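Engineer: The numbering used here numbers the first residue of the sequence shown as 149 and each following residue consecutively.
All C-beta atoms, glycine included, are put in the ideal place defined by N, C-alpha and C.
As the structure is a prediction and not an experimental result, all values here were calculated from the model.
Okay, handing you the structure first.
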Amino acid sequence: MVANPNPSTCQFLTLLPREVRDIIYEHILTFPRPLKLRQVVAGSKNTAILRLNRQIASEALPIFYDANTILATRNDFCSDTGPELQTPLRKDRVRHLLIRNFSQSIRCSSFSGGNNLFLEGCCDVCKPNAAGFIAALGSLPRLRTVVVDYHNHYREFEFIKQTIRGIGSTHVEAEHGFALTCTHIARYRLSSPSLPPNLDITFTDLPLHTIWSELWTLRGTNKCPFPLPGEEALLQRLREDEHPYLPDQLNHIIYARHSRLHQPVGEVWTEYEAKSSSNSSEAMNTLTEMILGYLHANRQVSSWRTLTALARSAEAKAYEAEGREVPEEYRT
């Protein structure tokens, strides 16, 4: 066996064609969930290849950043926070970001004056209208997609929506050309001529949007008033993976769409359908806001009870349509 004259190289990989090496890099460096840097990925030692030597690192790093979404916070862009308290982002390489913590940094939050007003000393990134934060994202040269999950930051996102629409004390639309388009339930796409054309920024309530999309795929256009095959298994998975009680509440809204047996749910759909033909973005925004209002007013237990009542009512109507006597348990 001939010894490797240069131990700093990896002969197995470097002797392969570059196209094959790229396939290997993509296979071992692609992860199913967003990554938080400085965090060990359980069950995987594959990222060790990035430290093998300079050649392989230079080849594999772009593929690593192309294939994965990196978790970050607004704090990671705060100009007054030290690097030891920030995620070590490779801002020259990162392609896809997920922002889950959208609150101000600890230092800048100390300048809060209440009611989304900040005193002098707060950095531009942490100001509540988010103009400085969006500008910081737009400055990253290779960034292509950003998802800001506002599930735990409704107040902050509502303020951004209001300021973009020119409501309130800070109007950022005129200065920066910002516009928000509601493209789906709880998902808003930000656009601005000041941003790079190939950068996509969306504000999304990820649990609500994900759960709604999966439930809608199962039941959305199906007028069957009874539980569908696989429905309970899907609900259980969504309870475990996404949110403990949102699946039941959202399923209630979709389930009751066609029957109109529950007045609050019927009103949600009636207003949505009245607007959907004229302005899809406004209709989606209206439906999103009405869903949120309904969720705040109805607990999981009441959703379960109403679903049960709707199912029994549908069963009773089926018996009546067939001319059979309605069993006692289906009578309301």
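If we ignore side chains and look at the alpha-carbon of each, how far apart do Ala404 and Gly471 end up?
Structural biologist: Rounded to the nearest angstrom, the two C-alpha atoms are 24 angstroms apart.
Engineer: Taking Cβ positions, are Ile359 and Leu383 nearer each other than 7 angstroms?
Structural biologist: No. Outside cutoff.
Engineer: Please state whether the Cβ-Cβ distance between Asn433 and Cys330 is less than 7 angstroms.
Structural biologist: Taking 7 angstroms as the Cβ cut-off, Asn433 and Cys330 qualify as a contacting pair.
Engineer: Measuring CB to CB, does Asp224 end up less than 7 angstroms from Arg243?
Structural biologist: No; because the gap between Cβ atoms is not below 7 angstroms, this pair is not in contact.
Engineer: Counting C-beta neighbours from all protein chains within 10 Å, is the total for Val168 16 or more, i.e. buried, or is it exposed?
Structural biologist: The residue is exposed, with fewer than 16 neighbouring Cβ atoms inside 10 Å.
Engineer: According to DSSP, what are the bridge partners of Ile172?
Structural biologist: DSSP output for Ile172 lists no bridge partner at all.
Engineer: In terms of DSSP beta bridges, what is Asn249 paired with?
Structural biologist: Thr221.
Engineer: Please determine, among Glu304, Asp396, Ser342, the residue with the shortest C-alpha to C-alpha distance to Ala283.
Structural biologist: Comparing Cα positions, the closest option is Ser342.
Engineer: Between Ile402 and Gly378, how many whole angstroms is the CB-CB distance? I'm expecting something under 8 angstroms.
Structural biologist: Going by Cβ atoms, the distance from Ile402 to Gly378 rounds to 15 angstroms, so no, they are not a contact pair.
Engineer: Work out the CA separation of Tyr336 and Cys274 for me, nearest whole Å.
Structural biologist: In a straight line, the C-alpha of Cys274 is about 20 angstroms away from that of Tyr336.
Engineer: If we count the other Cβ atoms within 10 Å of its Cβ and call it buried at 16 or more, is Asn446 buried or exposed?
Structural biologist: Looking at its Cβ environment, which holds 16 or more other Cβ atoms inside 10 Å, Asn446 is buried.
Engineer: With a CB to CB cut of under 7 angstroms and the five nearest residues on each side skipped, what residues in its chain are close to Ser227?
Structural biologist: Result list for Ser227: Cys271, Val273, in chain order.
Engineer: CB Glu304 to CB Phe250, shorter than 7 angstroms?
Structural biologist: Cβ distance < 7 angstroms, so Glu304 and Phe250 count as in contact.
Engineer: Among Pro231, Pro180, Thr235, Ile204, which one has its Cα closest to the Cα of Leu219?
Structural biologist: Out of Pro231, Pro180, Thr235, Ile204, Thr235 has the C-alpha closest to the C-alpha of Leu219.
Engineer: Closer than 8 angstroms by C-beta to Ile211: which residues in its own chain qualify, once you throw out the five before and the five after it? Chain order, please.
Structural biologist: Answer for Ile211: Asp170, Tyr173, Glu174, Leu177, listed in chain order.
Engineer: Give me the DSSP bridge partner(s) of Ile211.
Structural biologist: Ile211 is not bridged to any residue.
Engineer: Closest to Asp348 by C-alpha separation, out of His391, Thr162, Ile312, Gly286, would be which residue?
Structural biologist: It is Gly286 whose Cα lies nearest to the Cα of Asp348.
Engineer: Given Leu386, which residues of its chain have a CB within under 7 angstroms of its CB, disregarding the five upstream and five downstream residues?
Structural biologist: Excluding positions up to five away in sequence, the list reads Ile359, Glu362, Pro395.
Engineer: Is the distance from the Cβ of Asp277 to the Cβ of Thr311 below 7 angstroms?
Structural biologist: Looking at the sequence itself, residue 277 is Asn, so the reference to Asp does not match. Against a cut-off of 7 angstroms, the Cβ pair of Thr311 and Asn277 comes out as a contact.
Engineer: Counting along the chain, where does the beta strand (DSSP E) carrying His391 start and finish?
Structural biologist: Premise fails: His391 is in no beta strand (DSSP E) and is neither H nor E.
Engineer: Using DSSP's beta-bridge definition, name the partner residues of His332.
Structural biologist: BP columns for His332 point to Arg335.
Engineer: Going along the chain, which residues of its own chain have a beta-carbon closer than 6 angstroms to the beta-carbon of Leu183, five neighbours each way excluded?
Structural biologist: Counting only Cβ-Cβ distances below 6 angstroms, and skipping sequence neighbours, we find Asn216, Ile218.
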